[in-house]
Structure formats: structure tokens, C-alpha cells
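J.: In terms of the working numbering, the sequence shown opens at residue 138 and continues consecutively.
C-beta: ideal position from N, C-alpha, C; glycine also.
Note that the structure is predicted; figures quoted are calculated from it, not measured.
Would you mind keeping the following structure in view while I ask a few things?
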Amino acid sequence: MTDLASRIGRLKPFSRTKSDDSVGEVEDDYDDIDDGGEATGEDAVGGGGRYRRNADHHLEELRVSDALQSLLVDRGALPDDDGRDEVLGRLLDQNACCVPDHLLDCSRSLPEYFISSSHNTYLLAHQLYGTSSATAYKRTLRMGSRCVEIDAWDNAADEDEPKVTHGYTFVSHVPFRAVCEAIRDIYDEEAALADSDPSFPVAPILLSLENHCKEHGQRRLVAIMREVFGSRLLCEALCQDAPADEYASPADIGPRISVIVEFHLPGADEAECSSCSEGEEAESGHPQGGIIIVPELAELGVYAQSVKPVNASWYDPGELINGPHHHLVNISETGLSKNLPAQAEPIAIHNTRHMMRVYPKGTRISSSNLKPVAYWGIGAQICALNWQTFGTGNLLNDALFNGSNGYVLKPAALRNGGSGLVGSGRWRKLRLYVAGATDVPLPQGREVDSIKPYLTCRLYSPCPIDGASDKRKTSAYRQHRLGFLHRGENPANTDPIWDETLEWSYEDNELVFLRLLIKSDDAWARNPAFAAAAIRLHYAEPDWCFVRMMDMKGRETDCTVLVKFGFEDD
Numbered sequence: 138m139t140d141l142a143s144r145i146g147r148l149k150p151f152s153r154t155k156s157d158d159s160v161g162e163v164e165d166d167y168d169d170i171d172d173g174g175e176a177t178g179e180d181a182v183g184g185g186g187r188y189r190r191n192a193d194h195h196l197e198e199l200r201v202s203d204a205l206q207s208l209l210v211d212r213g214a215l216p217d218d219d220g221r222d223e224v225l226g227r228l229l230d231q232n233a234c235c236v237p238d239h240l241l242d243c244s245r246s247l248p249e250y251f252i253s254s255s256h257n258t259y260l261l262a263h264q265l266y267g268t269s270s271a272t273a274y275k276r277t278l279r280m281g282s283r284c285v286e287i288d289a290w291d292n293a294a295d296e297d298e299p300k301v302t303h304g305y306t307f308v309s310h311v312p313f314r315a316v317c318e319a320i321r322d323i324y325d326e327e328a329a330l331a332d333s334d335p336s337f338p339v340a341p342i343l344l345s346l347e348n349h350c351k352e353h354g355q356r357r358l359v360a361i362m363r364e365v366f367g368s369r370l371l372c373e374a375l376c377q378d379a380p381a382d383e384y385a386s387p388a389d390i391g392p393r394i395s396v397i398v399e400f401h402l403p404g405a406d407e408a409e410c411s412s413c414s415e416g417e418e419a420e421s422g423h424p425q426g427g428i429i430i431v432p433e434l435a436e437l438g439v440y441a442q443s444v445k446p447v448n449a450s451w452y453d454p455g456e457l458i459n460g461p462h463h464h465l466v467n468i469s470e471t472g473l474s475k476n477l478p479a480q481a482e483p484i485a486i487h488n489t490r491h492m493m494r495v496y497p498k499g500t501r502i503s504s505s506n507l508k509p510v511a512y513w514g515i516g517a518q519i520c521a522l523n524w525q526t527f528g529t530g531n532l533l534n535d536a537l538f539n540g541s542n543g544y545v546l547k548p549a550a551l552r553n554g555g556s557g558l559v560g561s562g563r564w565r566k567l568r569l570y571v572a573g574a575t576d577v578p579l580p581q582g583r584e585v586d587s588i589k590p591y592l593t594c595r596l597y598s599p600c601p602i603d604g605a606s607d608k609r610k611t612s613a614y615r616q617h618r619l620g621f622l623h624r625g626e627n628p629a630n631t632d633p634i635w636d637e638t639l640e641w642s643y644e645d646n647e648l649v650f651l652r653l654l655i656k657s658d659d660a661w662a663r664n665p666a667f668a669a670a671a672i673r674l675h676y677a678e679p680d681w682c683f684v685r686m687m688d689m690k691g692r693e694t695d696c697t698v699l700v701k702f703g704f705e706d707d
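See below:
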């Protein structure tokens, strides 16, 4: 009965039938159902960009359908002789994205970087009744996150061993010590990799510490971190003679663990709690502003003191009143969006010199995510995402940090001395030629002949995109049942040929992203998504490439989509 109810719930009896003349235009039946993502597991690899760097181990298992090989031969991109395999191998080996070297230079001030970040890192699933686990930190760091969150609470069962949990929920807890040990283990694992392979990119690990402990618990947090991390922990400024608000660079900090410590501004009792659902702080016995941060903990916030703003002084006139050194504005997507777009420019200018962390609104209890592009567009360094699911936000994060160490240099306009305006005023046209795909992954229960795959693409940008929508799609592919009547190749539905061009016009800037979804045009049901990828257009090369696709749980697949990017001034 449950399965029947689920099937009935997915019916769409009043959806419009797609006609041939809608091909390449805006998709009518697409909504945000795909944006939430499916729950991830231990085998998830996507979300932090590191997968793109490590994916070459899987190359020997990839294949390209005969139909796509024939298409490449017809286009002159592949020889029709004995040298075909070698050229095809080079095409498969070629990354769909080429990250400019200067964006990976870590010698500039910390606020000038985007940082791959995780929200409520300890959770394995749901925000209200999920499981907390120290191993979640290992998985998230291995996937590429460089900033993880720890919600520390007093432990009534043992006051000397604080716990990590999502307060006032049914979520289980894990010892704070176990979390620190997991982070230390990954630090040591990365150090060993760097010793054996000098090209392995090491980078600072930032701990966003949300403290709910009273004085004794805070001192225990400090003692445990010093004991477990030892010399790995950054405890003081790297240059004692530097000005009070001068930041170090990621390269200067190096492979150290640096803590983001809270600083409670006067009048901050009503400030929202970044890790709790709306209203939870008011229900606690000690509201956020009522906890005094002990000096021992405060001094660990060497380059980041997290504040919940109580007024607009941080962006107007641009100096935080009564703020700490190295302040980091910690604000929810809801709180920040209230100031956008009206205050986008002064906020972006603030973020050229100071840090900002944006986290999902508390109503995202299913671990869905914010769309980070708008916040990257105003220079927010830390967009903390729920890595418990693999949705659009995670795909975009994966695209930004593709092949990096988790730190990517921001566009010049969003760095120190920049205007804060990421747009160029120039318009460009993207022509995406979509040839086809190979080995579309099928979820359990689906047969090859039951799907009609199509590729739907959406452009994400902090600047305007021309047209009624930013989405385009190909026609649905269906293998001809009477193959002898079909001229040319007639591949299976899991090896679709689309042979179409999708076009967009957009204001040129460095933060435009393209998300690709392979879906099936199912009758009388919501069209399911089978595979996904995202690309930062600033990294895209105007040539043929195979885009490596992940499944909807962020797992590696054998699926590739053959495309060719074309750009021109509009």
C-alpha cells in the first residue's frame, strides 16, 4: 500500500504533452524537486571538488558508445583508423574543466578565497532525527571540505567530556573528543599523502565551533583540542608584529587546524543560532548572547571570530561596532537575503576585507541546501552546505572547487580593493552542443527499455540571464524498436544520441555555472533524474569533452555526456 501511495503521489495527469517544437526551449515540468537531492552514503564522492581530482583511477572502465564514436568521426574529431583508440583515450582523459593556475594560488589574504564548507557536519541524515557520527567528519574532509562545523554541548553524563549534537532534536550525540580524533586522523592521513606525493594539495582545516557549553565545558573543549591536536592546532598569530586585523594567507597557515570561535556582541541575545532551527535558542536555558566565552577559548579564534550582527554597521558604514579582531559575519540565508539585492554592493565590499559564513535556514530539516551562487556573488567565503544530501547546491560547490585544495581565489572585484560588483556589463552567448551519453545509470527497478532519457541544463549566475528561464533541455531519446527501419546507429536507451544545440545569453562574469541532469520523460509520473554534473563556465574549454556524471547520491558512475562548448560575444 505504501508503494502504491507513493506511485499515486508522483502522478501528473494535468502536465502538458511535450511536442517536437518545444525541443531546446524552456522545460515546463521542471520544479525544485531535484534541488533537494538524495541522501548520501559512505560511497559518495561528489560535493567538494576532490572527486574531480581523483577520478582518473576509474578511466580504464569507461567506454564510449559506437554511435558517439561514429558521430566524432563524422565531425572530424576522431580518426576512422587504427589510431582511434589512442585519440579517444586522450579525450576521455581530458578534464572537462581547466582550472586557471592563478585561482589555486594560496598566497593571498584569507578573505580573498572561497572555502569549501560543511554545515552540521556531524549529522548523517535528517536534521531532526538523524544520527551523529565522528566518521562523518572523515568522509566530508576526504570529499574536499575545508571548513567543518562542530556543535558542542555540555554533557550531563560526564561534565568533563562535552558532546556534539543538534540541540533540542531527536538527533543522537557523539563525544567531542571523538570528533577531534576523527579530524586529527584525516590531518595525519593528508600529511602522509603530502609526504609521499609533493603534488598533493594540503590546506588549512577550519573548525566552525558553535559553542553551547558553560564555562567549565568550554575549558574542557580547549583542553581536549590541545590534547588531541597538539602542534597541529593554530594557537596564535603567525606574525606577532602584524597589525591586529591583518589576515594570514592559506599558504602561511599551511596544514594546520584553525578554530572559528564565537564572539557575542552586546545586545546579541536575540541573534539567531546558526546550527539550530528558528526559535530553538529562545527555548534553551541559556540563549546565545547569555553565554560568556572564556578567554582560553576566545584566544583560539586567531583569524576568525564569529559574530551574529545586531545592526547594519558591518556593511553601513562598513565597520562593525564593538566587534572583535578578525570578525566573521555568521548569518543564515534568510537573514542575509533580507538585505539583498538592495545592499549587495556594500555587503560585497565588506567581504573583500572580512569573512562571512552563510548557512542554511533552520526550516531545511530534510538537509536540503541553499543555492550558493548568489552568496558567492557578494563574496561570501564560506557557504556552509548540508553534505548529508546531494542536491543542486552540492553540485555547484563541486563545480567551484573542482580539482582544488578547497580554497579558490575569488574574482578580482570581490577581493581586497575590488568594487564588489562581479558583473562585467558585457553579454555572452553560450552554445552547448549536446551529442549524447554513454551508460546512463538506472536506479533499481528500472529497465533499459522503460526510459526515455533527455538532458536538462540550467544556468546559475549572480547576474542576469536573458530569456524567460535559465533552463533548456534536449528532446527525449527513444531507441527505434524496428531497428532495421532506422538509418544509421540505433543505440540502446542507456546510450542516447541527442545531437542538439542549447543556447543561453548571459551577463559575463566568473561565477556562471551550468548544471546538467539526465532525466527520463516518463508518462503519468514525475520525471526522475538519473545522473548529474555541474561545470563552472570559467573553467570550461571551447572544445569537445566528456563530462563525468555522478548519480543522484553523489556516487561515481560509468556515465559520460559528450558535449562541445562554444562561446561568443552577444
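Tell whether a beta-carbon distance below 8 Å holds between Ser255 and Trp513.
T.: No, they are not a contact pair.
J.: Let's test the definition: count the other Cβ atoms within 10 Å of the Cβ of Val585 and tell me whether it reaches 16, buried, or not, exposed.
T.: Looking at its Cβ environment, which holds fewer than 16 other Cβ atoms inside 10 Å, Val585 is exposed.
J.: For the alpha helix (DSSP H) containing Ser207, list its first residue and its last residue.
T.: First-last of the alpha helix (DSSP H) with Ser207: 203–211.
J.: Provide the residue span of the alpha helix (DSSP H) that contains Cys600, from first to last.
T.: Taken as a continuous stretch (DSSP letters only), Cys600 belongs to no alpha helix (DSSP H), as it is neither H nor E.
J.: Considering only residues of the region 337–376, which uninterrupted beta strand (DSSP E) runs meet the minimum length of 3 residues and lie entirely inside it, listed in chain order?
T.: Counting only runs of 3 or more, we get 342–348.
J.: Please classify Gly530 as buried or exposed, where buried requires at least 16 neighbouring CB atoms within 10 angstroms.
T.: Gly530 should be labelled buried.
J.: Consult DSSP for Trp513 and reduce its assignment to one of helix, strand or coil.
T.: Helix.
J.: In this structure, does DSSP put Glu415 in helix, strand or coil?
T.: Bear in mind that a pLDDT of 44 at Glu415, under 50, signals an unreliable position, so the number given afterwards is only what the model happens to contain. Glu415 falls in the coil class under three-state DSSP.
J.: State the DSSP-derived secondary structure class of Glu678, mapped to helix, strand or coil.
T.: Three-state DSSP puts Glu678 in coil, outside helix and strand.
J.: Can you give me the C-alpha to C-alpha distance between Ala328 and Pro578, rounded to a whole angstrom?
T.: Whole-angstrom Cα-Cα distance: 36 Å.
J.: Beta-carbon separation of Thr177 and Phe538 under 8 Å?
T.: Taking 8 Å as the Cβ cut-off, Thr177 and Phe538 do not qualify as a contacting pair.
J.: When the Cα of Val285 is compared with those of Thr268, Asn292, Ala319, Arg490, which residue comes out closest?
T.: Closest option to Val285, Cα to Cα, is Ala319.
J.: In chain order, what residues of the same chain have a beta carbon less than 7 Å from the beta carbon of Ser207, not counting five sequence neighbours either side?
T.: The answer, listed in chain order, is Glu626.
J.: To the nearest angstrom, how far is it from the Cα of Leu378 to the Cα of Thr489?
T.: Per the sequence presented here, residue 378 reads as Asp, with Leu not at that position. Using only the alpha carbons, I get a separation of about 23 Å.
J.: Along the chain, where does the alpha helix (DSSP H) containing Asn534 start, and where does it finish?
T.: Note, Asn534: alpha helix (DSSP H), 529–537.
J.: Quick one: Cα of Leu639 to Cα of Pro338, how far?
T.: Looking at the two C-alpha atoms, the distance is approximately 36 Å.
J.: Once DSSP output is grouped into helix, strand and coil, what is the label at Val224?
T.: Residue state, collapsed to three classes: helix.
J.: What is the rounded straight-line gap between the Cα of Asp535 and the Cα of Met280?
T.: Whole-angstrom Cα-Cα distance: 9 Å.
J.: Looking at the structure shown, is Gly422 part of a helix, part of a strand, or coil, going by DSSP?
T.: Note on Gly422: pLDDT 36, under 50, position unreliable in the model; no value is reported.
J.: With distances taken from CA atoms, which of Ala613, Met687, Leu699 is nearest Asp658?
T.: For Asp658, the nearest C-alpha among the options comes from Ala613.
J.: I'd like the list of long-range same chain contacts for Tyr440, defined as Cβ closer than 7 Å, with 5 residues on each side in sequence excluded.
T.: Excluding residues within five positions, the ones whose Cβ falls inside 7 Å are Leu247, Tyr384, Ala385, Ser395, His463.
J.: Between the Cα of Asp291 and those of Gly185, Gly354, Thr611, Gly184, spot the shortest distance and give me the residue it belongs to.
T.: It is Gly354.
J.: For the putative contact between Val510 and Tyr452, defined by C-beta atoms under 8 Å, what is the C-beta separation to the nearest angstrom?
T.: At roughly 20 Å, the Cβ-Cβ gap does not stay under 8 Å, so Val510 and Tyr452 are not in contact.
J.: Taking only the alpha-carbon atoms, compute the straight-line gap between Ala374 and Ile602 and give it to the nearest angstrom.
T.: C-alpha separation (whole angstroms): 44 Å.
J.: Just list the residues that DSSP pairs Pro312 with in beta bridges.
T.: Note: Pro312 sits in a beta bridge opposite Lys300.
J.: Report all residues from its chain with a CB closer than 6 Å to the CB of Asp171; omit the five preceding and five following residues, and keep chain order.
T.: The predicted model places Asp171 with a pLDDT of 47, which falls under 50 and marks its position as unreliable, so this point remains unresolved.
J.: Give me the Cα-Cα distance between Ile252 and Asn467, rounded to the nearest whole angstrom.
T.: Distance between the alpha carbons of Ile252 and Asn467: 14 Å.
J.: So the candidates are Lys608, Asp218, Cys372, Asp242; which of them puts its Cα closest to the Cα of Leu437?
T.: Nearest of Lys608, Asp218, Cys372, Asp242 to Leu437, Cα basis: Cys372.
J.: What does Pro590 pair with, by DSSP beta-bridge criteria?
T.: Pro590 pairs with Ser657.
J.: To the nearest angstrom, how far is it from the Cα of Lys351 to the Cα of Ile430?
T.: Distance between the alpha carbons of Lys351 and Ile430 is about 8 Å.
J.: With distances taken Cα to Cα, identify the nearest neighbour of Val447 among Ala435, Leu473, Glu433, Pro432.
T.: Nearest C-alpha to Val447: Leu473.
J.: Taking DSSP's pairing of strands, which residues face Ser395 in a bridge?
T.: Looking at the DSSP assignment, Ser395 forms a beta bridge with Leu343.
J.: From which residue to which residue does the alpha helix (DSSP H) around Ser474 run?
T.: First-last of the alpha helix (DSSP H) with Ser474: 470–474.
J.: Please list the terminal residues of the continuous beta strand (DSSP E) segment that includes Asp288.
T.: Here the beta strand (DSSP E) through Asp288 covers 284–290.
J.: Does His401 pass the burial test, meaning 16 or more other C-beta atoms within 10 Å, or should it be called exposed?
T.: Buried is the call here.
J.: Please check the pair Ser202 and Asp636, which I expect to be a contact at CB under 8 Å, by giving their CB distance rounded to whole angstroms.
T.: Not confirmed; about 13 Å, so no contact.
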